[in-house]
Amino acid sequence: MTSTVTKLFDFDNTLAAALPELVLPWQPVEVPDPQLVAFNAEMAAAVSVDPEALRGEHGVAVLAGNAVPDGTETMAMAYAGHQFGSYSPRLGDGRALLLGEVIDADGRRVDIHLKGSGRTPFSRGGDGKATVGPMLREFLMAEAMHALGVPTGRALAVVTTGEQIFRQSPEPGAVLTRVAAGHLRVGTFEYAVRLEDRSVIRRLADYAIERHYPALAGEQSRYLEFLLSVIETQASLIARWMAVGFIHGVMNTDNMTISGETIDYGPCAFMDRYDQRTVYSSIDHQGRYAFGNQPTIAHWNLTRLAETLLPVIAEDHGVEPESLIPVLSEVLDGFGDRFRAHWADGMRAKLGLSAQAAEASDADADGDGDDDLLRSLVELLQEHRPDYTSFFRSLARSLRGDEGVPEVAATWVAAWRERLAAEDRNPVEVAAAMDAVNPIYIPRNHLVDEALAAAESGDMGPFDELLSVLADPFTERDGLERYAQPAPEDFNRTFRTFCGT
Ligand code: AMP
Ligand code: MG
Numbered sequence: 033m034t035s036t037v038t039k040l041f042d043f044d045n046t047l048a049a050a051l052p053e054l055v056l057p058w059q060p061v062e063v064p065d066p067q068l069v070a071f072n073a074e075m076a077a078a079v080s081v082d083p084e085a086l087r088g089e090h091g092v093a094v095l096a097g098n099a100v101p102d103g104t105e106t107m108a109m110a111y112a113g114h115q116f117g118s119y120s121p122r123l124g125d126g127r128a129l130l131l132g133e134v135i136d137a138d139g140r141r142v143d144i145h146l147k148g149s150g151r152t153p154f155s156r157g158g159d160g161k162a163t164v165g166p167m168l169r170e171f172l173m174a175e176a177m178h179a180l181g182v183p184t185g186r187a188l189a190v191v192t193t194g195e196q197i198f199r200q201s202p203e204p205g206a207v208l209t210r211v212a213a214g215h216l217r218v219g220t221f222e223y224a225v226r227l228e229d230r231s232v233i234r235r236l237a238d239y240a241i242e243r244h245y246p247a248l249a250g251e252q253s254r255y256l257e258f259l260l261s262v263i264e265t266q267a268s269l270i271a272r273w274m275a276v277g278f279i280h281g282v283m284n285t286d287n288m289t290i291s292g293e294t295i296d297y298g299p300c301a302f303m304d305r306y307d308q309r310t311v312y313s314s315i316d317h318q319g320r321y322a323f324g325n326q327p328t329i330a331h332w333n334l335t336r337l338a339e340t341l342l343p344v345i346a347e348d349h350g351v352e353p354e355s356l357i358p359v360l361s362e363v364l365d366g367f368g369d370r371f372r373a374h375w376a377d378g379m380r381a382k383l384g385l386s387a388q389a390a391e392a393s394d395a396d397a398d399g400d401g402d403d404d405l406l407r408s409l410v411e412l413l414q415e416h417r418p419d420y421t422s423f424f425r426s427l428a429r430s431l432r433g434d435e436g437v438p439e440v441a442a443t444w445v446a447a448w449r450e451r452l453a454a455e456d457r458n459p460v461e462v463a464a465a466m467d468a469v470n471p472i473y474i475p476r477n478h479l480v481d482e483a484l485a486a487a488e489s490g491d492m493g494p495f496d497e498l499l500s501v502l503a504d505p506f507t508e509r510d511g512l513e514r515y516a517q518p519a520p521e522d523f524n525r526t527f528r529t530f531c532g533t
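Count along the sequence shown from 1, add 32, and you get the number used in my numbering.
Listed below in structure tokens is the structure:
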């Protein structure tokens, strides 16, 4: 039995009233011995909660799912999704619950979500539980992404539960509390459009517009505009992933948000040596979600979203859905151009280029003048596979004259220097601008592993230290050399990530 406690959060719930068909009121399962092991005081303040209250006994009971605060009702959200390309009609929150919505310090509506809070009617064969390693991993990765400037849901806390959860071996159970702009997914739309009640998909789209793209509310062509907006935010998001070398690992449609934030950090990882084919996830046997495939998969997922909007767009235009297929295909094809434009902007910044090259080469007269430079960079990286993160810091060092560039890169570097010279900026200033966008510290797999192994044996020291290093990823600090080092070669050969279990 969970008890009620006085309010911590100032809830302002809207989802259940707007879309009762998509939520199921459900209680978290009580756990024996909640202990707070990771806490994000900055996030607590951001969601207007007194950090001390949340760390107190009642607060921790809420974070463990042992108490539901006043002013809210916990809900499991329904969704479907394409997992590795195959459709599952009913996924939903099988081990998570929406605790409620709050308005954050910036006036933005956010979800407070529990993960690992016990079985729900969506659990299928699962136990509804989460273990401490993966929950701390999600905490750390999300914080790192936030510090890198990538839109993401964030962690508020991890509480261990005092239970042993059986995975490959018994592991300590845990509950993660996370905060995100929303948990509507492409999979939510896939679920809604297949319900008998035809009004749900329209209400869902209106709700998503109101919440995430309010400028479109009330517009005649809002559903088409909504699709365009999601295409744009996802193009921008995936471009940022690609620029920092992030591999989500499980880009199923149920893990792709409508808000454009990164969520559901399961088997994700940062790439060490550059290789488009990089896959770390133990379950991605075909490399569907390999680093270089992410833009293609995003387009594939957005096509699934477009399919769900086809009936409402057709209805509003008074035409047959089939007649709209060419229109929507063209809209979807816009993803590629948008992605490339965002990616090129991101890469230019990484290379210290302040603007798009003025003139395109004859070969692509109406293209991006830096196309050739960026294409040859990717070829260079793919051929020689340097450590992706260090590569850009070493380019900046070469501008300061601190370091030469490897011989194999000399031709490309000469072209880059020539392009930089055209901007006529001081090389030392350019190097500083590059260091401000090229991280020196990322959550390298061997460091994350080491921190989680220590945490699992009760020592939070390495986790806390890594978290603090990653909070400022761009500023090189004395004494943190080991955090900037690539993993030993044999580590990466065998390194695998496991999917959120
Ligand atoms: P994920 O791969 O974490 O995005 O989860 C995919 C689906 O599996 C979602 O519906 C989850 O709620 C569900 N799921 C994952 N792990 C568990 C678990 N241990 N118990 C119940 N459901 C789970
Ligand atoms: Mg998921």
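Positions of the beta carbon are idealized from the N, C-alpha and C atoms, including for glycine.
query: Relative to the alpha-carbon of Phe221, which residue among Arg210, Ala212, Leu236, Val211 has its alpha-carbon at the smallest distance?
result: Leu236
query: Can we count Asp286 as close to the ligand MG, meaning its CB is less than 7 angstroms from some heavy atom?
result: Asp286 Cβ: within cutoff of the ligand MG.
message: What would DSSP say about His374, mapped onto helix, strand or coil?
response: His374: helix per DSSP, three-state reduction.
task: Give a single yes or no on whether Asp434 has its beta carbon closer than 7 angstroms to a heavy atom of the ligand MG.
output: no
- request: Measure how close the beta-carbons of Leu131 and Phe171 come, nearest whole angstrom, since I'm counting them as under 8 angstroms.
  value: Not confirmed; about 17 angstroms, so no contact.
query: Nearest to Leu502 by CA position, among Arg230, His478, Met177, is which residue?
result: Met177
Whole alpha helix (DSSP H) elements within the segment 439-513, 4-residue minimum: 442-453, 459-467, 477-488, 493-502
task: May I ask you to report which of helix, strand or coil DSSP gives Asp304?
output: coil
- prompt: Just to confirm, does Ala128 get its C-beta within under 7 angstroms of one of the non-hydrogen atoms of the ligand AMP?
  reply: yes
field: Identity of the residues DSSP links to Met288 by a beta bridge
entry: Thr294
message: Any contact between the segment 261-280 and the segment 358-373? By contact I mean 3 or more CB pairs, one from each, below 8 angstroms.
response: yes
- prompt: Around the C-beta of His244, are 16 or more other C-beta atoms found within 10 angstroms, so that it is buried, or is it exposed?
  reply: buried
- request: Output the boundary residues of the alpha helix (DSSP H) element that contains Phe527.
  value: Phe527 -> no alpha helix (DSSP H), and no H or E assigned at all.
query: What number of angstroms, rounded off, separates the C-alpha of Met33 from the C-alpha of Gly117?
result: Any reading at Met33 must be qualified, since the residue scores a pLDDT of 49, below 50, and its modelled position is unreliable; no value is offered.
query: Cβ of Leu123 versus every heavy atom of the ligand AMP: is any distance shorter than 7 angstroms?
result: yes
query: Do Gly539 and Phe302 have their C-beta atoms within less than 8 angstroms of each other?
result: Any answer about residue 539 is impossible in this case: the structure gives the chain only from 33 up to 533.
task: Report back the beta-carbon spacing between Met466 and Phe424 to the nearest angstrom; my notes put them in contact at under 8 angstroms.
output: Contact holds; Cβ gap of about 7 angstroms.
- prompt: Under the three-state reduction of DSSP, which class applies to Asp42: helix, strand or coil?
  reply: The answer is coil: DSSP assigns Asp42 none of H, G, I, E or B.
field: Any alpha helix (DSSP H) of 4 or more consecutive residues that is wholly inside the segment 231-256
entry: 231-244
For Pro520, the residue or residues it bridges with in DSSP: DSSP output for Pro520 lists no bridge partner at all.
message: Give me the residue from Gly157, Val79, Arg186 with the minimum Cα distance to Asp138.
response: Val79
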